[in-house]
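Residue numbers (the numbering used here): 43 to 130.
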């Protein structure tokens, strides 16, 4: 009986793993599909209007869509201008 339960648990894990893997193959690492996410543009890009600057390290971003999601979330805030650099 315990062997059957272990086999069922392993089969469920395998199905979940294959679904996750196929989702990543068909799109970006975040499973967003093949379409690129549009960038939210900031109206005011004059650096003089932003008196403070900070650098944030965000882990787990590995593709352009991940970077755009983070950048768009920050750029949608009032008084914030964000740029993401995946190379660092």
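Note that beta-carbon positions come from the ideal geometry of N, C-alpha and C, so glycine has one too. Because the structure is a prediction, the values reported are computed rather than measured.
- Tell me where the alpha helix (DSSP H) around residue 116 begins and ends. Judged by DSSP secondary structure, residue 116 falls within the alpha helix (DSSP H) whose first and last residues are 106-117.
- Task: Mark residue 43 as exposed unless 16 or more other C-beta atoms lie within 10 angstroms of its C-beta, in which case mark it buried.
- Result: The residue in question, residue 43, is exposed, as its Cβ has fewer than 16 Cβ neighbours within 10 Å.
- Task: May I have the straight-line CA-CA distance separating residue 126 from residue 87, to the nearest angstrom?
- Result: Rounded to the nearest whole angstrom, the C-alpha separation of residue 126 and residue 87 is 15 Å.
- Query: Looking at the structure shown, is residue 130 part of a helix, part of a strand, or coil, going by DSSP?
  - Reply: Coil.
- Item | Proximal residues to residue 117 (C-beta, below 6 Å), its chain only, five neighbours per side dropped | Sequence-distant Cβ neighbours of residue 117 in its own chain, meaning closer than 6 Å and more than five residues away, are 82, 84, 124.
- Message: Between 92, 59, 58, which has its C-alpha nearest residue 120's C-alpha?
- Response: Distance from the Cα of residue 120 is smallest, within the candidate group 92, 59, 58, for 92.
- Message: Could you check whether the Cβ of residue 51 sits closer than 8 Å to any Cβ belonging to chain B?
- Response: Protein chain content of the structure displayed is limited to a single chain, and chain B is not contained in it.
- Among the residues of its own chain, which have a CB less than 8 Å from the CB of residue 103, if the five just before and after it don't count? For residue 103, same chain residues with a beta-carbon under 8 Å away, outside a window of 5 residues either side, are 109, 112, 126, 128 in chain order.
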